[in-house]
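First residue of the sequence shown: 1, per full-length UniProt numbering; consecutive thereafter.
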Amino acid sequence: MNNPWFRMYAGVINDPKVMKLPEATRWHWVACLCVASDHGGKLPPAPDLAFALRMSEQRAAVLVTELYRAGLLDKVDGGFAPHNWSGRQYQSDSSTKRVRDFRERKKREAGVTGNVSPDVTVTPPEQSRTETEQSRADAPRAGQIDLVEEALRADLREILGSHVNLTLAAEWLGKGYDPGMIREVVRDLRRRKPDVASLAYFEAALAERHAKRAETPSERAGYAAVTDFDKVISMFVRTGVWSRYAGPEPGMLGCRAPLELLAKHGIDGATGNKIRKAG
């Protein structure tokens, strides 16, 4: 089909997983459905997803992490897919009856008698296209990026600097360590030891925290409660990326950034846009 479509059900407006998202994130979720529809039911690699959503790779990674945590994306082999996509996007009906009716009509028009070839089942173009894309999506993708890991790596680079080897990040996630716990522990120990140069330094603390499963300050009070908003807003002005630790971004309901700090950086707290200087 030149204009492929997918099914969205009316009950989505009553789905708490969707309606509890910030308004902008809900729209990005719908955009992810569109992208998945065009990629065999899965999200494409990070660079392609970022391009489709018109945002940076880091911001796309953060978005996917948020949607995954909200239960709106499932982790599948090779990436992520919208939750229950295959169950809701069932295949088109068989075209056997349409083929039979077409042949009968042609036979009547031509006055043909005698035996005709038996009915066959013809795969609709959109079904054939979907199955082809699904097969292509099921194959391993070169350069496929685990977006949860990529989001964690981006945050660890921000905390520790770009010189630190982040190979252990994937191993920690493989052990079942919560990404939020990892960020919290690394940030806390980094404050105490600013010159740390290796992720191995955090191994013991992470293992202990994971074993105890103690709540971190961000888990108890929300990331915004432990956020340096001056730094967050400064990064937002430079890059357009709002930290996932800081809650809703400026201009969205529930934004906790102090209005005076937003104004200091030239941001209108009501809209999230840059304040135009008079004259």
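Backbone N, C-alpha and C define an ideal beta-carbon position, used for all residues, glycine too.
GLY269 and GLU249 have their C-alpha atoms spaced approximately 9 Å apart. Between ALA52 and GLY40, the alpha-carbon positions lie close to 15 Å from each other. Just so you know, the alpha carbons of ALA263 and ALA46 end up roughly 33 Å apart. Excluding five sequence positions before and after LEU199, the CB atoms of its chain that fall closer than 6 Å to its own CB belong to LEU168, given in chain order. Per DSSP, reduced to three states, the secondary structure at PHE229 is helical. Ranked by Cα distance from LEU166, the first of MET181, ARG276, PHE202 is PHE202. When the beta-carbon positions are compared, VAL241 and GLY266 stay at least 8 Å from each other. Bounds of the alpha helix (DSSP H) holding LYS212 are 203-212. In the same chain as LEU33, and ignoring 5 residues on each side of it, the C-beta atoms closer than 8 Å to its own belong to PHE6, MET8, PRO82, in chain order. Annotated three-state conformation of VAL76 is strand, per DSSP.
The shortest CA-to-CA distance from PHE229 to any of ALA205, LEU259, GLY251 is the one to LEU259.
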